[in-house]
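Participant:
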Amino acid sequence: MLSIDRSIVDAIVAHARRDHPDEACGVVAGPAGSDTPTRHIPMENAARSMTFYEFDSMEQLRVWREMDDRDEEPVVIYHSHTATEAYPSRTDVSFAGEPGAHYLLISTREPDTEEIRSFRIVDGVVTEEPVRVVDAAVDQHAVQSYMFGQSPATVDYECSGR
Numbered sequence: 001m002l003s004i005d006r007s008i009v010d011a012i013v014a015h016a017r018r019d020h021p022d023e024a025c026g027v028v029a030g031p032a033g034s035d036t037p038t039r040h041i042p043m044e045n046a047a048r049s050m051t052f053y054e055f056d057s058m059e060q061l062r063v064w065r066e067m068d069d070r071d072e073e074p075v076v077i078y079h080s081h082t083a084t085e086a087y088p089s090r091t092d093v094s095f096a097g098e099p100g101a102h103y104l105l106i107s108t109r110e111p112d113t114e115e116i117r118s119f120r121i122v123d124g125v126v127t128e129e130p131v132r133v134v135d136a137a138v139d140q141h142a143v144q145s146y147m148f149g150q151s152p153a154t155v156d157y158e159c160s161g162r
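First residue of the sequence shown: 1, per the UniProt record's numbering; consecutive thereafter.
1) Work out the CA separation of Ser89 and His102 for me, nearest whole Å.
2) What three-state label does DSSP hand Ala29 in the structure shown?
3) Compute the Euclidean distance between the alpha carbons of His81 and Asp123, then round it to the nearest angstrom.
4) Mapping the DSSP letters down to three states, classify Thr91 as helix, strand or coil.
5) Which residue marks the beginning of the beta strand (DSSP E) containing Met43, and which one marks its end?
6) To the nearest whole angstrom, what separates the beta carbons of Glu44 and Glu59, a pair I think is in contact under 8 Å?
7) Does Gly33 pass the burial test, meaning 16 or more other C-beta atoms within 10 Å, or should it be called exposed?
8) Identify which residue in Ala29, Val9, Ile4 and Asp112 has its Cα closest to the Cα of Val63.
9) Going by DSSP, what residue range makes up the alpha helix (DSSP H) through Arg18?
10) Count the other CB atoms within 10 Å of the CB of Glu110; is the residue buried (16 or more) or exposed (fewer)?
11) Tell me which residue opens and which closes the beta strand (DSSP E) that Ser107 is part of.
12) In angstroms with no decimal places, state the Cα-to-Cα distance between Phe95 and Ala136.
13) Within this structure, are the beta carbons of His15 and Pro37 separated by less than 7 Å?
14) In the DSSP assignment, the beta strand (DSSP E) including Ser118 goes from what residue to what residue?
15) CA-CA distance, Ala46 and Gly26?
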């Protein structure tokens, strides 16, 4: 399961909307070995394409070196799909080079809503996982995620304790 702060999700969605109709891409870094995404790093789509994303090689080198210097790793690698569902394409799968990362996809095909889904991609095998969006201002023990049946959608409920 991917647990990610609402402010980071909001920043990713804003990036995807800002770059639309081109695909947006970036990384959320976190302390090495923690599986905790803490630092949003929007990156440039060097392909400047509506159907494909590619990190700029120099920017990627700089970002990965910076993560190494800070004892961080890419916990989330994200990009948007501008006209299709939030599911990895064959190209996405072939370029997935971080087996420990969560691959977060955001579909911006609808102007008023976003579809957000997370996947693990290891050796070409795609496995969807629930996304738990937490609000740092809310007691994290009061936030729970549920998967319904075979649905890939995650619904979050907050209990106020009243």
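All C-beta atoms in this analysis are idealised placements derived from N, C-alpha and C, irrespective of residue type, glycine included.
Facilitator: The short version:
1) Their backbone Cα atoms lie some 15 Å apart in a straight line.
2) Ala29 falls in the strand class under three-state DSSP.
3) If you take the alpha carbons of His81 and Asp123, they lie about 22 Å apart.
4) The answer is helix: DSSP assigns Thr91 an H, G or I state.
5) It spans Arg39 to Met43 - the beta strand (DSSP E) in which Met43 sits, taken as one unbroken run.
6) So it is a contact: roughly 6 Å between Cβ atoms.
7) Around the beta carbon of Gly33, a 10 Å sphere encloses fewer than 16 other beta carbons of the protein chains shown; the residue is thus reported as exposed.
8) Looking at Ala29, Val9, Ile4 and Asp112, the one whose alpha-carbon comes closest to that of Val63 is Ala29.
9) Residue range Arg6 to Asp19 is occupied by the alpha helix (DSSP H) that includes Arg18.
10) When all chains shown are included, Glu110 counts as exposed.
11) It spans His102 to Ser107 - the beta strand (DSSP E) in which Ser107 sits, taken as one unbroken run.
12) Answer to the nearest angstrom: the Cα atoms are 32 Å apart.
13) A distance of 7 Å or more separates the beta carbons of His15 and Pro37.
14) Where Ser118 is concerned, the enclosing beta strand (DSSP E) stretches over Glu115 to Val122.
15) C-alpha separation (whole angstroms): 11 Å.
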